[in-house]
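Here the sequence shown is numbered in the numbering used here, starting from 3 and rising by one per residue. By construction, the Cβ of each residue, glycine as well, lies at the ideal position given by its N, Cα and C atoms. Everything numeric in this text was worked out from a predicted model, so none of it was measured. Worksheet: one structure, shown below.
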Amino acid sequence: MMNRQGRPSSTEGSVLAEHPTFTGNRALAQEEPLLFEIGRADVTGVDLDEPEAFTPRLGGLERTVPIGLPGLSEPETMRHYVRLSQQNYGIDTGLFPLGSCTMKHNARLNEKMARLPGFGDVHPLQPVSTVQGALELMAELSRYLTELTGMPAVALQPKAGAHGELCGLMAIKAAIAARGEAETRNVVLVPESAHGTNPATAALIGFKVRSVPARDDGWVHIADVRPLLGPDIAAIMLTNPNTCGLFEPRAKMIADALHECGGYFYCDGANFNAIVGKVRPGDLGVDAMHINLHKTFSTPHGGGGPGAGPVVLSERLAPYAPVPFVVDVEEVSYKDAGPASVSALVEAARGRGTVTSDEVLALRKPELFSKDGWDAAVAELRAAGIEVTGDPSPLVVRHSSLDLIEDAAWYDEDAQPFGRMVAFHGQMGMFVRALAYMLSHGADGMRQASEDAVLGANYIRASLSDLMSLPFGDKPCMHEVLFDDTWLADTGVTTLDFAKAMIDEGYHPMTMYFPLVVHGAMLIEPTESESKASLDLFIAAMRDLAMAAKAKQTERFKGAPFHAPRRRLDETGAARKPVLRWTPPAPVAAQAAE
């Protein structure tokens, strides 16, 4: 049955097909056409004056044929997007079981904090003296992240998990180059169960990737790592807890072995939500780890972003952290460089009669970073006949103590930052939301959240293990539980079919076919947000589907979903022959050309 837009209706093959409607709507489940199908090219949504004299300057790039952009009123536009939003499934709709995604509740308190004018309305090019609150928040977030991970340094700038991976590996590469081993130490070990971004990130910056084989128990074994170690090994990228939903018990042994051979231990922190307040990665020998604020610390990411992937670094890698840093200039331990006092600077410059402002700053005296202190130093120099030339360094905050430092060596002679990760300072809005989450939970609350996430996943595991098969035996999992498709053998139902049938039950499908080391993988992560009642309803729906599959009721699965706004899409065809541009049908095209 076709709807009024000429597309297959989602009611076909269902009970609802017995009661079709002219509009294609089913009460509040409304059939929404494309924006181009609502508007008309000859309707003007916005009335703008046309200049009397207009000289085109695009040359051969100027359009000669109307493109048929739809004209809509504001109510039409608003209704269109609201109706589309009603067809979405998100964490505000129900349990979102995507494994390795940590789709937890996004507290509205965090949203309120992010919209405070002092955070939401600031600009990265403002004078730092006017954004001290934002800088203080960044410094406080950094302190929380270092305390939770047991690692001394943090780079806030990375915009997402894979960007954080890039940052961590660039710090590792910089450290190796500083040792003079850039040409020889160029291999990164990646377990077969790793996130797909791990080998891609390593290859992107010029490392060779060597795989660590998977075992039947789902863990990485030191016995499989040791034979691969040598003078060419730069790092290992290990996810812990791993993508099989298991904690890696040999992580510290692997870290020690890497360090013995001169390599570094990169930990993929995508699954940090399982161990916050329980395990500090730094205690496991981790040298670099990205933290997905959009997972562990509840910043929204269901619509594709924005993410935030700060990277924590060990003492070995801290000198190579990217700039800028948030520094409290009143607390920096300054090292001697040049004259030790203003009077000594007077003696050194007496023959010249002038000093530059940077020479004054080179004294590295904290008192120079207040207006009164700076003015007093300038007055002392002038009294001795020495003029100060040039404006004070742009690094100076003359009315406050927090600053964003670009020249790391200016306050730490051991610093060798590899550069910048982004144009400015990272995802400020996500920093606010993440810190609000941390402060509202406290240390005990964050630990409890991790415990509840693990408890929920194990409750699902124990409740479904009699019907669905566990690839690594019935042992406790961490924050997510992994099933394979062994139990579907001879049923005629595939993992994909089962996932599509979940849509009819009102649930977003779990992560499918990942990790790749498990055939027909079904990875379920409930997060700590779900109540027992919510988990019980989900489990009941999963058990009902599982029993139907075992009973070979293939008609319930093949072709599913039946009740969604759209029936099953041709995903293979979409991948092989993507339609990336809307082409108007003939009547619309003719109308646009008139």
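Check your understanding: Does the distance from the C-beta atom of V313 to that of A237 stay below 7 Å?
Key -> no
**Study point:** Coarse secondary structure for G271, derived from DSSP in three states
**Key:** strand
Review point. Quick one, which of G279, G152 and G264 has its alpha-carbon nearest M291's?
Key: G152
Check your understanding: Pick from L347, G353, E408 and L406: whose alpha carbon is nearest that of A379?
Key -> L347
Exercise for review: Taking the CB atoms as reference points, tell me whether A553 and E507 lie closer together than 7 Å.
Suggested key: no
Exercise for review: Whole angstroms is fine: what's the gap from Q128's alpha carbon to R117's?
Suggested key: 18 Å
**Study point:** Same chain only: Cβ atoms within 7 Å of S571, ignoring 5 sequence neighbours per side
**Key:** In the sequence as presented, Ser is not what sits at residue 571; that position holds Leu. If we look at L571 and ignore the five residues flanking it on each side, it has no Cβ neighbours.
Point to revise | Three-pair Cβ contact test at 8 Å for the region 207-221 versus the region 435-444 | key: no
Practice item. Provide the residue(s) that pair with I213 in DSSP beta bridges, ordered along the chain. Key: The residue asked about is misnamed: residue 213 is Ser in this sequence, not Ile. Per DSSP, V192.
Exercise for review: Can you check DSSP and say which residues form a bridge with M291?
Suggested key: C269 and V314
Review point. Which residue from Y91, E408 and T356 puts its Cα closest to that of A386?
Key: T356
Practice item. Look at F98 and V434 and say whether their C-beta atoms are less than 7 Å apart. Key: no
Review point. What do you reckon, are the CB atoms on A173 and L319 nearer than 7 Å?
Key: yes
Practice item. Indicate whether the contact test is met: 3 or more Cβ pairs, each with one atom in the region 497-516 and one in the region 260-279, closer than 8 Å. Key: no
Review point. What do you get for V114, buried or exposed, if any count of 16 or more other CB atoms within 10 angstroms of its CB means buried?
Key: It should be noted that the sequence gives Lys, not Val, for residue 114. That one is exposed.
Exercise for review: Run through the region 475-527 for me and flag every whole beta strand (DSSP E) of 3 or more residues, listed as ranges in chain order.
Suggested key: 483-485 and 524-526
Practice item. Mind checking which residues open and close the alpha helix (DSSP H) that includes D405? Key: Taken as a continuous stretch (DSSP letters only), D405 belongs to no alpha helix (DSSP H), being part of the beta strand (DSSP E) at L404 to I407.
Exercise for review: Identify the continuous alpha helix (DSSP H) that holds L537 and give its terminal residues.
Suggested key: K534 to K552
Practice item. Please report the residue range of the beta strand (DSSP E) in which F327 lies. Key: F327 to D330
Check your understanding: Where does the unbroken alpha helix (DSSP H) through T199 begin, and where does it stop?
Key -> T199 to L206
Review point. Any idea what DSSP makes of V434, helix, strand or coil?
Key: helix
Exercise for review: Identify, in the order they occur along the chain, each residue of the same chain with its Cβ nearer than 7 Å to the Cβ of Y322, setting aside the five sequence neighbours on each side.
Suggested key: A173, A176, A177, Q418, P419 and F420
**Study point:** L582 - DSSP class collapsed to helix/strand/coil
**Key:** coil
Review point. Using CA coordinates, which residue listed in T245, P58, L230 and E52 is at the minimum distance from L100?
Key: T245
Exercise for review: Below 8 Å CB to CB, which residues in the same chain sit around L240 once its five sequence neighbours on both sides are set aside?
Suggested key: P193, A196, V222, E250, A253, I256, F267, Y268, C269 and D270
Check your understanding: In angstroms, rounded to a whole number, what distance separates the CA positions of F327 and Q89?
Key -> 43 Å
Practice item. Determine, using beta carbons only, whether G163 and A272 come nearer to each other than 7 Å. Key: yes
Point to revise | Inter-residue CB distance, W489 and S471 (contact presumed, cutoff 8 Å) | key: 4 Å
Exercise for review: Could you tell me the boundaries of the beta strand (DSSP E) in which T151 lies?
Suggested key: Note, T151: premise wrong, no beta strand (DSSP E); alpha helix (DSSP H) at Q134 to T151.
Point to revise | K376, buried or exposed, once every other Cβ within 10 Å from all chains shown has been counted against 16 | key: According to the sequence provided, residue 376 is Trp. The question's Lys does not apply to it. With 16 or more Cβ atoms within 10 Å of its Cβ, W376 is classed as buried.
Check your understanding: Enumerated in chain order, which unbroken segments of the alpha helix (DSSP H) with a length of 4 residues or greater are wholly contained in the region 228-267?
Key -> 253-262
Review point. Among the residues of its own chain, which have a CB less than 8 Å from the CB of E138, if the five just before and after it don't count?
Key: L404
Review point. Using the rule of at least 16 other Cβ atoms within 10 Å of the residue's Cβ for burial, across every protein chain shown, is E33 buried or exposed?
Key: buried
Review point. Quick one: does M440 have its CB under 7 Å from some CB of chain D?
Key: The question asks about chain D, but that chain is absent: this structure has only one protein chain.
Exercise for review: Determine the closest residue to S343 out of G96, A535 and E361, with distance taken between C-alpha atoms.
Suggested key: E361
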